[in-house]
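As you go down the protein sequences, you meet chains A and B in turn. The letter at position 67 of the first sequence is residue 67 when you use the numbering used here, and the numbering goes up by one with no holes. The letter at position 40 of the second sequence is residue 40 when you use the numbering used here, and the numbering goes up by one with no holes.
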Amino acid sequence: GQSLEQPSEVTAVEGAIVQINCTYQTSGFYGLSWYQQHDGGAPTFLSYNALDGLEETGRFSSFLSRSDSYGYLLLQELQMKDSASYFCSFSPPDSWGKLQFGAGTQVVVTP
Amino acid sequence: NAGVTQTPKFRVLKTGQSMTLLCAQDMNHEYMYWYRQDPGMGLRLIHYSVGEGTTAKGEVPDGYNVSRLKKQNFLLGLESAAPSQTSVYFCASSSPRGGAYEQYFGPGTRLTVT
Chain A
1 GQSLEQPSEV TAVEGAIVQI NCTYQTSGFY GLSWYQQHDG GAPTFLSYNA LDGLEETGRF
61 SSFLSRSDSY GYLLLQELQM KDSASYFCSF SPPDSWGKLQ FGAGTQVVVT P
Chain B
1 NAGVTQTPKF RVLKTGQSMT LLCAQDMNHE YMYWYRQDPG MGLRLIHYSV GEGTTAKGEV
61 PDGYNVSRLK KQNFLLGLES AAPSQTSVYF CASSSPRGGA YEQYFGPGTR LTVT
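Structure below.
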C-alpha cells in the first residue's frame, strides 16, 4: 500500500535549524509536497519537489531522493512563528489530483 | 479574492441529525476536496471532485455524501450524524495543472456530534 512516515514532534530553539524527514512507500508518484498548519488554522502549501534535489524558498528548503523514497523539509533561522505542524504528502499512483498526507510533525520553537 | 470559504465555522449536532457543509471557491479551480482531521492526525480525504457534476470517493467516504452542481461550490452532507464524525472538516481546491499538488484550504468547520 501507500504510506508516509514522519516524526511526531521536533523541538528546537529560536535561530536553530530543524530537519523534518519524510519516508514514503508507494508504487509510483508524481512528487512530494509540504504543508504547514498552525494550531486552529488551515493547512497552507509550502513547497513541492517533482525531481530529485533541493528546492529553496526563503528560510525553508525541501529535498527529495526518489531512489531512497525519502524527502525532508529544512527550516532555517527558526522563529517563534514557525511553531506549527508540518505535513508531507504525495499523489498516489493513478490518482491524479489527489493527495495523501502523513500524520504530521509538530515543531515546537522555544526561546 | 476570498479564496476558499466554508460555512458554518462551528456546529453541534445530536446523534442522528443531518446537516450540510458548504464550500465555495472563487479561483475557478477544477478540483475540489473534502477532508477530515482528527486530533493529532493528518488529513484524510472523504470525497473529491475533478469537475462540475462529478464526484468520487476518497479514503473515508462512509456516512457522507457530496454534490458539485456548480463549479465554484462543493457540498458535504451528513445524513445521520454519529459521534465518530466529530472532527474538523476542511475543504480545498486546486488547479489540475501540475498534478494539483498545491491545494488551497478553507478555514475549516468544527463539528461536534453528541
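No residue lacks a Cβ here, since even glycine has one placed at the ideal position from N, Cα and C.
Proximity to residue i [Cα-Cα], best of the options
i: THR44 of chain A; options: A:SER33, A:GLY53, A:GLY71, A:SER8; result: A:SER33
i: LEU74 of chain A; options: A:SER3, A:TYR86, A:ALA50; result: A:TYR86
i: ILE20 of chain A; options: A:LYS81, A:SER95, A:THR11, A:PRO111; result: A:THR11
i: TYR89 of chain B; options: B:TYR101, B:LEU78, B:GLY53; result: B:LEU78
i: GLU59 of chain B; options: B:SER67, B:ARG68, B:TYR48, B:THR112; result: B:TYR48
i: THR26 of chain A; options: A:ALA103, A:SER95, A:ALA84; result: A:SER95
i: TYR101 of chain B; options: A:VAL108, A:ALA103, A:GLN106, A:PRO92; result: A:PRO92
i: ALA103 of chain A; options: B:GLN37, B:LYS71, B:SER80; result: B:GLN37
i: PHE60 of chain A; options: A:TYR24, A:GLN6, A:TYR48, A:PHE29; result: A:TYR48
i: LEU21 of chain B; options: B:MET41, B:LYS57, B:LEU13; result: B:LEU13
i: TYR24 of chain A; options: A:LYS81, A:GLY1, A:GLY41; result: A:GLY1
i: GLU52 of chain B; options: B:PRO39, B:GLY40, B:ASN73, B:THR86; result: B:ASN73
i: SER67 of chain A; options: A:GLY28, A:ILE17, A:GLY58, A:GLY41; result: A:GLY28
i: THR109 of chain B; options: B:MET19, B:THR55, B:MET41, B:ASN65; result: B:MET19
i: VAL13 of chain A; options: A:PHE90, A:SER83, A:SER69, A:SER89; result: A:SER83
i: PRO111 of chain A; options: A:SER8, A:GLU9, A:GLY15; result: A:GLY15
i: CYS23 of chain B; options: B:ARG11, B:THR7, B:THR15, B:GLN17; result: B:THR7
8 Å Cβ cutoff met for residue i and residue j
i: GLY63 of chain B; j: ALA92 of chain B; result: no
i: LEU76 of chain B; j: TRP34 of chain B; result: yes
i: PHE63 of chain A; j: LEU51 of chain A; result: no
i: PRO107 of chain B; j: LYS9 of chain B; result: yes
i: TYR31 of chain B; j: GLY31 of chain A; result: no
i: VAL109 of chain A; j: GLN79 of chain A; result: yes
i: THR105 of chain A; j: GLN37 of chain A; result: no
i: LEU4 of chain A; j: GLN100 of chain A; result: yes
Element boundaries [beta strand (DSSP E), containing residue i]
i: MET19 of chain B; result: 19-25
i: LEU13 of chain B; result: 10-13
i: VAL107 of chain A; result: 105-110
i: TYR101 of chain B; result: Premise fails: TYR101 of chain B is in no beta strand (DSSP E) and is neither H nor E.
i: THR114 of chain B; result: THR114 of chain B -> no beta strand (DSSP E), and no H or E assigned at all.
i: SER93 of chain B; result: 87-94
i: ILE17 of chain A; result: Taken as a continuous stretch (DSSP letters only), ILE17 of chain A belongs to no beta strand (DSSP E), as it is neither H nor E.
i: SER3 of chain A; result: 3-5
i: ARG44 of chain B; result: 43-51
i: LYS71 of chain B; result: Counting along the chain, LYS71 of chain B falls outside any beta strand (DSSP E), and DSSP gives it neither H nor E.
i: SER89 of chain A; result: 84-90
i: GLY16 of chain B; result: First-last for GLY16 of chain B: undefined, no H or E at that position.
i: LEU73 of chain A; result: 70-75
Counterpart residues of residue i in DSSP-defined beta bridges
i: PHE29 of chain A; result: Per DSSP, none; premise fails for PHE29 of chain A.
i: ASN65 of chain B; result: B:GLY77
i: THR55 of chain B; result: Answer is none; THR55 of chain B lacks a bridge partner.
i: VAL9 of chain A; result: As written in the sequence, residue 9 of chain A is Glu, which differs from the Val given in the question. For GLU9 of chain A, which the question treats as bridged, DSSP gives the partners A:GLN106.
i: VAL4 of chain B; result: B:GLN25
For this session: Would you list, in sequence order, the uninterrupted beta strand (DSSP E) runs of no fewer than 3 residues that lie entirely inside the region 31-63 of chain A?
Result: 32-37, 44-49, 53-57
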